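Note sheet for the following structure.
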Amino acid sequence: MKFQPSRQHSEGLLAKQLRRIVPLCIACLILLLYRNAVVGGSGENAPSVVEKFPRKIWQSWKVGPLSFEQRDSERAKTWTVKNPGYRYEVLTDDNAMAYVEGHFGPLGLNRPDIVHTYRSLNDKIIKSDLLRYLIMYAEGGVYADIDVEALKPLELFIPDRFHERDLDMVIGVETDEPGFLGHPVLGSKSQSFCQWTFICKPRLPVMMRLVDGILAWLNSMAKEQGKSISELELDFDEVISGTGPSAFTNAILAEISKIRGEKTNWNHFHGMLEAKAVGRVLVLTVEAFAAGTGHSDSGNHGGKSALIKHHFHASSWPTSHPRYKHPVYGEVEKCNWNPECVKLWDANTKFFDSLPAQEQVKLIAMKELEDANAPRSGDALQDGGGQAMHPDGAVAIQAPFMDEADGWFAGDTSFEGDRSPEFAVPAEDFAVRPARKADTEPDTDPDAQAWDKNKQPKPAIKLEVKEAQG
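Under full-length UniProt numbering, the first residue of the sequence shown is numbered 1, with each subsequent residue one higher.
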């Protein structure tokens, strides 16, 4: 007798088959989504895996929120209070390694090179830069340095005419001074995006390419110095170009070019008057993320488009990663992108180079003597805190200069204080001060008199430079 399955039995078999097939279909869908997340689209309007930016705010610091100093706590609260619907998380010196292992180790993306490099690094600023990129690749959201204050809620960071589904990143211009592109010291830092605050969706190819580029750079520097990654010694410009704003900017420009299918350079972002979206990246004006820096038409923190305030106190890393400092005329960065000041610095250093070695030694000795008799560093202005994370924007400081015509050495060199915009001295206090013809000759120039009143420089020192004349 032939067996005829009942209707109930058939339905049971179908249910069993469905229970087997559904998980497989879900797994295939997840795999497809993951592949799209990693590989990314090829067109300018290729959509991301997620339509909205993750509602997460990330910061990294030495300690967790419960151990923050009052200053850090107050600034962190500006993010949570203004954005109550966001999750807030801080990675610390104690748990950051576990985070990297969890997301990039065997149970995560299985990138042992990333885990090994992060574990090997001893340079705190390099580690800090790398960590923010790893976080944003793994989970996305909003990253902000610990010394960044939110002025407005995140819902206002994207103008109404743009939609989250059409964007992968939100960034702001930090430095827009392409006129200095050819300068030997300032050129590489003259046009950049902020990386002290930015927003992105998870698993963006640009973030992983940035990370891979940093790993390759670290290995190259280690080979060049004949040291391990843990022993690397880097100067200020190497940090900026290797992991800081320059590295971040170059990676984003390359990614935008790839998405658009054509070369995209800084001309697209120079002199922006309003936000623009290029290659799924929303770029905000200088005032949005870098207000009050005193250059690049950065505006001020009370401006309509200002979204954050960077207080520049989070780290003293520049003290262990020195900038180029001329033995007599100091750091050109202190000109804060002021063309006249930079031109003067260039002329002074060029003139210095033209002097015989004996006269160069004299100038250096005079500068050292004046420094030794000057007030201690920061006596004029102090914030009691430290240095900027990437303090290219600051106040312009008058450097001593040599007048080629009569060989006079003039200018105040007593100030070496904090350079953050929060503690900036009014620009008129840093007007270029002309050299005096004699110690007793009064200054009739109003700007020079203002300089005398506020800065109280020492009398000019006469220096005979016979070899340089004629």
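For each residue, glycine too, the CB sits at the ideal point set by N, CA and C. Quick caveat, the model's predicted, so the values are computed rather than measured.
Problem - Coil, strand or helix - K77 by DSSP - result: Three-state DSSP puts K77 in a helix.
Exercise for the section: Express the C-alpha separation of L107 and S192 in angstroms, rounding to a whole number. Expected result: Between the alpha carbons of S192 and L107 lies a gap of roughly 36 Å.
Exercise for the section: Give every residue of the same chain whose Cβ lies closer than 7 Å to the Cβ of V328, excluding the five residues on either side of it in the sequence, and list them in chain order. Expected result: When the five nearest sequence neighbours on each side are left out, the beta carbons in the same chain lying within less than 7 Å of the beta carbon of V328 are those of F352, L363, I364, K367, P400, in order along the chain.
Problem - Residues bridged to H326 (per DSSP) - result: Under DSSP, the beta-bridge partners assigned to H326 are G330.
Exercise for the section: Give the C-beta separation of residue 498 and D168 to the nearest angstrom, bearing in mind that I take them to be a contact with Cβ-Cβ under 8 Å. Expected result: Outside the shown range of the chain, which is 1 to 470, sits residue 498, and nothing can be said about it.
Handout entry: Beta-carbon gap between A76 and P65 smaller than 8 Å
Key = The answer is yes: Cβ separation under 8 Å.
Exercise for the section: Thinking A291 and K309 are a contact (beta carbons under 8 Å), I'd like their distance in whole angstroms, please. Expected result: Between K309 and A291 the Cβ distance is about 7 Å, and since that is below 8 Å, they are a contact.
Practice task
Pull up the CB-CB distance for G140 and C200, whole angstroms please, since I reckon it's below 8 Å.
Solution key: Here G140 really is in contact with C200; their C-beta atoms are around 5 Å apart, less than 8 Å.
Handout entry: Residue range of the alpha helix (DSSP H) that includes S220
Key = 205-225 is the extent of the alpha helix (DSSP H) around S220.
Practice task
Take G172 and list the residues in its own chain whose beta-carbon comes closer than 6 Å to its own, dropping the five residues that flank it on each side.
Solution key: Listed in chain order, the non-local C-beta contacts of G172 below 6 Å within the same chain comprise C194, L284, A288, F289, local neighbours out to five positions each way being set aside.
Practice task
Would you kindly report the start and end of the unbroken beta strand (DSSP E) that includes V63?
Solution key: Premise fails: V63 is in no beta strand (DSSP E) and is neither H nor E.
Exercise for the section: Would you grab the beta carbon distance between M207 and Y133 for me? Rounded to a whole angstrom, and I think it's under 8 Å. Expected result: Yes, they are in contact, since the Cβ atoms of M207 and Y133 sit about 6 Å apart, within 8 Å.
Problem - D94 classed as buried or exposed, judged by whether at least 16 other C-beta atoms fall within 10 angstroms - result: With fewer than 16 Cβ atoms within 10 Å of its Cβ, D94 is classed as exposed.
Handout entry: Three-state class that DSSP yields for M97 in the structure shown
Key = M97 falls in the helix class under three-state DSSP.
Exercise for the section: Under 6 Å Cβ to Cβ from F104, same chain only, skipping five residues before and after it: list those, please. Expected result: In the same chain as F104, and ignoring 5 residues on each side of it, the C-beta atoms closer than 6 Å to its own belong to R111, I114, V115, in chain order.
Handout entry: Residue from D129, L109, M97, V100 with nearest C-alpha to W317
Key = Among D129, L109, M97, V100, the Cα nearest to that of W317 belongs to D129.
Practice task
Would you tell me roughly how many angstroms separate the C-alpha atoms of E224 and V239, rounded to the nearest one?
Solution key: Spanning the two alpha carbons is a distance of roughly 15 Å.
Problem - Residue nearest to I158 in terms of C-alpha spacing, selected from T117, A277, D176 - result: When only C-alpha atoms are compared, the closest one is A277.
Exercise for the section: Classify M169 as helix, strand or coil using the three-state DSSP reduction. Expected result: Residue state for M169 is assigned as strand, using DSSP reduced to three classes.
Exercise for the section: Within the same chain, show all residues whose beta-carbon is closer than 6 Å to that of residue 473, passing over the 5 residues directly before and after it, in chain order. Expected result: In the structure as shown, the chain starts at 1 and stops at 470, and residue 473 therefore has no counterpart that could be examined.
Problem - G213: CB within 7 Å of a non-hydrogen atom of the ligand NAD - result: The model on display carries no ligand, and the ligand NAD is accordingly not part of it.
Practice task
Can you tell me the Cβ-Cβ gap for D176 and F312, rounded? I've got them flagged as a contact below 8 Å.
Solution key: The pair is not a contact, with the Cβ atoms about 18 Å apart (cut-off 8 Å).
Problem - Cβ shell of R87 (< 6 Å), same chain only, five flanking positions each side left out - result: The residues are K56.
Practice task
Have a look at H163, F162, V142, R161 and flag the residue whose alpha-carbon is nearest the alpha-carbon of residue 476.
Solution key: The chain is shown from 1 up to 470; residue 476 falls before or after that span and cannot be answered.
Handout entry: Residue from G226, P202, K263 with nearest C-alpha to V50
Key = Closest in alpha carbon position to V50, among G226, P202, K263, is P202.
Practice task
State the Cα-Cα distance for the pair H326 and V185, rounded to the nearest angstrom.
Solution key: V185 has its alpha-carbon roughly 11 Å from the corresponding atom of H326.
Handout entry: Beta-ladder partner(s) of W58, from DSSP
Key = Looking at the DSSP output, W58 bridges to E89, Y143.
Exercise for the section: State the Cα-Cα distance for the pair E63 and M97, rounded to the nearest angstrom. Expected result: Note on residue identity: the sequence assigns Val, not Glu, to residue 63. Rounded to the nearest angstrom, the two C-alpha atoms are 14 Å apart.
Problem - Residue environment, Y324, which counts as buried when at least 16 other CB atoms sit within 10 Å - result: Exposed, by the Cβ-count rule.
Exercise for the section: Using a threshold of 8 Å, state whether the C-beta atoms of L210 and A251 are closer than that. Expected result: At a Cβ-Cβ threshold of 8 Å, L210 and A251 count as neighbours.
Handout entry: Where C200 sits in the DSSP three-state scheme
Key = In the structure shown, C200 falls within a strand segment according to DSSP collapsed to helix, strand and coil.
Practice task
Report the residue from F53, I135, S73 whose alpha carbon sits nearest the alpha carbon of A150.
Solution key: Here the closest residue by C-alpha is S73.
Exercise for the section: Write down the C-beta distance between D237 and S188 rounded to the nearest angstrom, noting that I regard them as a contact closer than 8 Å. Expected result: That belief holds up - the Cβ atoms of D237 and S188 are roughly 6 Å apart, short of 8 Å.
Exercise for the section: Return helix, strand or coil for H311, following the three-state DSSP convention. Expected result: Three-state result, H311: coil.
Problem - Residue burial classification, Q358 (beta-carbon count within 10 angstroms, cutoff 16) - result: With fewer than 16 other Cβ atoms within 10 Å, it is exposed.
Exercise for the section: Kindly list the residues whose CB is nearer than 8 Å to the CB of M136, restricted to its own chain and excluding five residues on each side of it in sequence; keep chain order. Expected result: Within the same chain, Cβ atoms closer than 8 Å to the Cβ of M136 are found at W58, Y143, F198, C200, P202, L204, M207, the five residues on either side in sequence being excluded.
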